[in-house]
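Read in order, the letters of the sequence shown correspond to residues 143 to 271 in the working numbering. Yeah, the Cβ is synthetic: ideal placement off N, Cα and C, and Gly gets one too.
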Amino acid sequence: MPARAQDWLGQALRDLEQAEDSRRADRHEWSCFAAHQAAEKAVKALHLHLGQEAWGHVVARLLRELPASISVPPELVEKARVLDGFYIPTRYPNSHPEGAPFEHYGSLQSGEAVQYARAIIAFVRAQMA
């Protein structure tokens, strides 16, 4: 099986760029979703780097499933939990009592999402170095 960890990390960085671009364009729901995707792909890259597969979309769980030899700061798991909340409702109108997703997300959420994704990616890069 070819080593794909760098491919996943490269896509995570690209997704982070998309989150930043969407934030600047006031597409905050897409910024939040792309930030989640960036974090998810980064953590999956670390799993692959460590020789294991990872499945699913819950970033907090993916962090907790890293080997015990990787010390994941509890605040990083909390940041992942925030990002996990952006996986579905940022895209589907029926995730909210009324209104389209773009009506429920603004610069506060997207700013936080980008910041948290950056923190998770920085952690992953440090572990993979």
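- The count of Cβ pairs closer than 8 angstroms, one atom from the segment 174-181 and one from the segment 219-233, reaches three, so the stretches are in contact.
- DSSP places glycine 248 outside both helix and strand once states are collapsed to three, so it counts as coil.
- Between the C-alpha atoms of arginine 223 and alanine 167 there is a straight-line separation of about 25 angstroms.
- Of the candidates Ala145, Ala187 and Trp172, the residue whose Cα lies closest to the Cα of leucine 155 is Ala187.
- Non-local C-beta neighbours of aspartate 157 in its own chain, meaning closer than 7 angstroms and more than five positions away in sequence, comprise Ala176, Gln179, Ala180 and Lys183, ordered along the chain.
- With a cutoff of 8 angstroms on beta-carbon distance, alanine 196 and leucine 204 are scored as near each other.
- Taking 8 angstroms as the cut-off, the Cβ atoms of tyrosine 258 and leucine 208 do not count as close.
- Between leucine 192 and tryptophan 150, the gap from beta carbon to beta carbon reaches 8 angstroms or more.
- The shortest C-alpha to C-alpha distance from valine 185 to any of Gln194, Glu245 and Val266 is the one to Val266.
- Residue range 201-206 is occupied by the alpha helix (DSSP H) that includes leucine 205.
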